[in-house]
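There are 2 protein chains.
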Amino acid sequence: MVLSAMESNAEREAGRPVSGAPRTNTRDIARQAVRAELAEVAFGLFRRQGFDNVTVNDLAAAAGVSRSTFLRYFGTKEDAVLSAFDAHGERIAAALRARPAAEGDWSALRSAMDAVVEPYRRDPERALALARLVRETPALCARQLERQRAWHPLLEQALAERAGPSGASVLALSVKAAAALDCLNMAVDHWTASDGALDLIALLDEAFAALSP
Amino acid sequence: MVLSAMESNAEREAGRPVSGAPRTNTRDIARQAVRAELAEVAFGLFRRQGFDNVTVNDLAAAAGVSRSTFLRYFGTKEDAVLSAFDAHGERIAAALRARPAAEGDWSALRSAMDAVVEPYRRDPERALALARLVRETPALCARQLERQRAWHPLLEQALAERAGPSGASVLALSVKAAAALDCLNMAVDHWTASDGALDLIALLDEAFAALSP
DNA sequence: GACTCCATGGCACTTAGTACCACATATCAA
DNA sequence: TTGATATGTGGTACTAAGTGCCATGGAGTC
């Protein structure tokens with residue numbers, strides 16, 4: 001699975017165990033591989049039959065594991081799809097930290113969003129299918145929005161570090177972070193609605209420009 | 001139920017049947033009353049025991065109806081809570097249309113948000129409990145975010161009417177609408193985090209100011 | 001070779017949500 | 001008043017998601 005495999009950072013962590021983080025051994029690598037494989041199978045099935053027409057039993061059978069195992073990897077059916085976005089929050093936050101300190105928040109946020117457009121350029125067809133699946137399935141849509149809320153603290157923290165201790169209010173940072181993610185979502189929505197014909201980067205620029213201070 | 005009863009527009013529609021809309025008769029009024037009562041009972045139970053610790057059977061029993069009936073009024077357990085926000089989208093859109101045509105989009109959106117702060121001023125304790133319940137319950141949080149997506153077209157349409165046929169791009173309007181709702185959500189979140197001590201209007205001003213063009 | 005860890009599978013259970021049917025009541029027509 | 005119809009309600013059965021528990025077997029360790 002291109003998208004989700006890209007999110008997996010098992011290989012990176014395997015080389016140098018990070019202090020504090022659970023140390024990554026052979027088992028963890030295997031687990032990540034299985035997880036990616038399960039997600040891949042699930043995505044294929046959902047794509048062909050629709051999210052609501054596939055049961056967890058179907059997924060498990062198609063992947064050659066038991067229902068228990070599948071549900072152990074993905075707590076919910078939705079997670080099997082949305083794991084593709086697992087690392088996006090941290091990715092954006094990292095990109096935000098990498099922006100010049102002198103740059104304005106909004107401009108920095110705009111640039112940080114480039115950190116997650118790679119899959120859309122690399123495999124547009126897959127990205128389109130994924131986006132459509134999520135947007136057409138209320139359950140997936142709801143869960144994804146909820147998951148994105150977990151990105152807010154990451155972005156807020158990154159923004160706060162940029163601003164320094166005498167920076168803007170927490171509320172202001174929260175709003176900027178949320179609005180930036182909205183720009184991303186809206187840009188992707190419009191890109192999806194155009195069947196990938198429009199340029200996602202241009203749409204991002206346009207979305208951010210609509211709120212440009 | 002103060003909040004949800006306020007959302008009910010049965011009385012208003014009863015006086016003058018709107019063309020196109022299903023005509024409101026005695027039955028509909030009764031239905032709305034039952035719905036409000038069920039929502040009230042549900043909110044009370046959720047508030048005391050927590051959303052996840054209350055089953056639909058509990059709700060039905062507490063309300064004195066069958067499980068079938070409860071699920072007929074609210075398709076999901078979440079709906080019993082989130083029905084309190086049912087009319088907010090249209091309310092904001094209507095307020096937006098009522099703003100002067102010369103006013104800027106962002107300023108108009110800010111003012112339109114005042115249309116939904118009334119419950120927070122009228123019964124802060126209840127509003128706090130509702131906000132906490134939603135934010136502390138992932139399932140409710142997810143559903144509410146998804147429901148708010150249904151408000152986007154309403155706001156976009158209202159913005160488009162204000163802008164006229166030669167207005168800004170659809171994407172720009174979408175982004176503004178979404179960002180404005182984020183401002184509302186964030187302001188309410190901070191208000192809730194302060195246990196209602198902060199002024200919601202001031203928080204709204206601050207939130208909108210953070211993105212003020 | 002014995003031991004330990006842990007992923008897996010199987011099972012039982014609760015609960016949400018759907019579908020369908022039977023019954024009662026209210027409204028309206030004759 | 002009587003009869004026909006519509007509609008809200010309750011009851012039952014069913015599918016499927018998600019949780020918890022336990023037995024097992026294989027991989028790595030001593």
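Chains as they are written, first to last, in UniProt numbering: chain A, 1 to 213; chain B, 1 to 213. Where is the CB? At the ideal position from N, CA and C, for every residue including glycine.
Remark: C-beta atoms of alanine 131 of chain A and leucine 145 of chain B do not approach each other more closely than 8 Å. With respect to serine 169 of chain B, histidine 152 of chain B sits apart: the two C-beta atoms are not nearer than 8 Å. With a beta-carbon spacing of about 14 Å, alanine 87 of chain B and leucine 96 of chain B fall beyond the 8 Å limit used to define contacts.
Looking only at B/Arg99, B/Ala172, B/Ser194 and B/Ala84, the smallest Cα-Cα distance to leucine 140 of chain B is reached by B/Ala84. Residue A/Arg48 holds the alpha-carbon nearest to the alpha-carbon of leucine 133 of chain A among A/Leu38, A/Arg48 and A/Ala30.
The C-beta of asparagine 57 of chain A has fewer than 16 other C-beta atoms within 10 Å across all chains shown, which makes the residue exposed. When C-alpha distances from alanine 63 of chain A are compared across A/Phe43, A/Thr76 and A/Arg27, the shortest belongs to A/Phe43.
The Cβ neighbour count for aspartate 105 of chain A, taken over all protein chains shown within 10 Å, is at least 16; the residue is labelled buried. Leucine 198 of chain B: not part of any alpha helix (DSSP H); DSSP gives it neither H nor E. Taking a cut-off of 8 Å on C-beta distances, the stretch 191-204 of chain A does not touch the stretch 188-204 of chain B, as fewer than three cross pairs fall below it.
Among the residues of chain A, those whose CB is under 7 Å from the CB of valine 175 of chain B are Asp182, Cys183, Met186, Ala207, Ala210 and Leu211, following chain order. Assigned with DSSP and collapsed to three states, threonine 55 of chain A falls in coil, not helix or strand. Judged by DSSP secondary structure, valine 117 of chain B falls outside any alpha helix (DSSP H); it is assigned neither H nor E. Between the alpha carbons of proline 138 of chain B and aspartate 52 of chain B lies a gap of roughly 10 Å.
Note on the stretch 125-169 of chain A: whole alpha helix (DSSP H) runs with a minimum of 4 residues are 138-149 and 151-163, in chain order. Listed in chain order, the positions of the stretch 125-148 of chain B with a beta carbon within less than 9 Å of a beta carbon of chain A are Pro138, Ala139, Cys141, Ala142, Arg143, Gln144, Leu145, Glu146, Arg147 and Gln148. Nearest in C-alpha terms to serine 212 of chain B, of all of B/Ala180, B/Asn185 and B/Ala202, is B/Ala180.
Inter-residue distance for arginine 35 of chain B and alanine 61 of chain B is about 15 Å (C-alpha atoms, whole angstroms). Taking the beta carbon of serine 83 of chain A as reference, no residue of chain B falls within 7 Å; the closest one sits roughly 16 Å away. Where serine 107 of chain A is concerned, the enclosing alpha helix (DSSP H) starts and stops at 105-112.
Per DSSP, reduced to three states, the secondary structure at glycine 44 of chain A is helical.
For arginine 149 of chain B, the closest C-alpha among the options B/Ser68, B/Asp182 and B/Ala202 is that of B/Asp182. Between histidine 88 of chain A and chain B, the shortest Cβ-Cβ separation is not below 8 Å. It is roughly 16 Å from the alpha-carbon of threonine 55 of chain B to the alpha-carbon of leucine 82 of chain B.
Secondary structure at asparagine 185 of chain A: helix, using DSSP grouped into helix, strand and coil. Under the DSSP assignment, aspartate 86 of chain A falls outside any alpha helix (DSSP H); it carries neither an H nor an E label. Only residues of its own chain outside the window of five on either side were considered, and among them Cys141, Asp189 and Thr192 have a CB closer than 8 Å to the CB of arginine 135 of chain A, listed in chain order. In this structure, B/Ala187 is the residue among B/Ala187, B/Ala102 and B/Glu161 with its C-alpha nearest to the C-alpha of valine 116 of chain B. Shown in chain order are the members of the stretch 157-176 of chain B whose Cβ falls below 9 Å from a Cβ of chain A: Ala168, Ser169, Val170, Leu171, Ala172, Leu173, Ser174, Val175 and Lys176. Note that the C-beta distance between alanine 112 of chain B and arginine 99 of chain B is below 8 Å. Within 8 Å of the CB of leucine 203 of chain B, the CB atoms of chain A belong to Leu171, in sequence order along the chain.
Of the other Cβ atoms in all chains shown, fewer than 16 fall within 10 Å of the Cβ of glycine 50 of chain A; this residue is therefore exposed. Alanine 80 of chain A counts as buried, since at least 16 other C-beta atoms from the protein chains shown sit within 10 angstroms of its C-beta. Distance from the Cα of glutamine 32 of chain A is smallest, within the candidate group A/Gln157, A/Ala102 and A/Arg72, for A/Arg72. DSSP places aspartate 79 of chain B in the helix class (H, G or I) of the three-state scheme. In this structure, the CA atom of phenylalanine 46 of chain A is about 30 Å from the CA atom of alanine 202 of chain A.
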